[in-house]
Every structure is written in C-alpha cells, then in structure tokens.
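Residue numbers (the working numbering): 3 to 170.
In this text, a Cβ means the ideal position worked out from N, Cα and C, and glycines have one as well.
Read the structure below first, then the notes.
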C-alpha cells in the first residue's frame, strides 16, 4: 500500500507499508524514488509479513533523528527552505485491540520525544467514524479508544478527497 504526502513546501514524502522486505538497499530506494537524492528509513519485515519504507527528497527535508518500532517509524528533522522543524511518522497499525493500544502508547511517547509538529501517515487499522467502514452500524470499543487517543494527541484527520475508502 502506498501513502504519499505533498504539501505547500513542495515536500514529497512517500510511505510504503507491507513491503515484505527484510533488506532494502540504496539501489532499491533510488529505483523506487526515481533518483539517487532520496533520504529513507525502513523497518524490515518479519519473514513475509510487515515492513515499512519511508522516503523523502533529501534536498528538501534533512533528518536529525530516527525512531523505530515494529509497526511504525519516525524521522525528525527540518524542512530546509524554511528551517521548519517537524517529524513524519509512518504507521501500520496492529489488528488486535490490545496490540493497537501498545502502538498508540509508543506513538505518544515518540511524539513527546520529538516536541515538534508531527505528521502521521499510513494505516492505523482503525476507524474514527461509523461511515468509515462499509456496512458499519456502530463504532467498536477499539474505535472509541482510538478516537479518544486522536483527541488526546490533538491530531487532525485529513479526509480522503478522491475516494470514500482507501481499499477501492
């Protein structure tokens, strides 16, 4: 699955989840990015499950710190044109309720470490609204807990503009 972000700073940030790769090389990243000026970080898969890859234009975003978990990775740095400090975190959420809570707790901790504006991208494997799930009639308990975590973290959910669901 591909998640990408492009904003007014002309920052291209590309996140790949479920890479199913235990090893990634600079050559692999340059081939995916289309040039050799890509900065990147990855979390290896466990066998054929999981794997995360976050790539960016090294001339636009300079990384100062990197943090990794089993289901997320975060890069903290500055946008070079404006010297704006920020962080980007790629997430592939857990499936079980208790495992989801562990990921959210880890992400809360990382946000506290970063102490800069933070953008999460990826898939939390959770919904915020009943209408986010086809055929849903009510929010499960884990969704209510996720909604509370999003509120506590003061996050803003950016809506999809071209589709109702990500899997179409």
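Do residue 148 and residue 126 have their C-beta atoms closer together than 8 Å?
-> Closer than 8 Å, so yes.
For residue 17, collect the residues of the same chain with a Cβ closer than 6 Å to its Cβ; drop the 5 residues on either side in sequence, then sort them by chain order.
-> 5, 56, 92, 123 and 124
In the DSSP assignment, what are the bridge partners of residue 77?
-> 68 and 90
Helix, strand or coil for residue 122 per DSSP?
-> strand
Please check the pair residue 14 and residue 58, which I expect to be a contact at CB under 8 Å, by giving their CB distance rounded to whole angstroms.
-> 7 Å
Which partner residues does residue 1 have in the DSSP bridge list?
-> Since the displayed the chain opens at 3 and closes at 170, residue 1 lies outside it and no answer follows.
Answer with buried or exposed for residue 78, where buried requires no fewer than 16 other C-beta atoms within 10 angstroms of its C-beta.
-> buried
Pick helix, strand or coil for residue 18, following the three-state DSSP scheme.
-> DSSP, read as helix, strand or coil, puts residue 18 in strand.
List the whole-angstrom C-beta distance separating residue 82 from residue 112, where the pair is believed to meet the contact cut-off of C-beta under 8 Å.
-> Between residue 112 and residue 82 the Cβ distance is about 23 Å, and since that is not below 8 Å, they are no contact.
Determine the closest residue to residue 48 out of 23, 66, 97 and 65, with distance taken between C-alpha atoms.
-> With distances taken between Cα atoms, residue 48 lies closest to 23.
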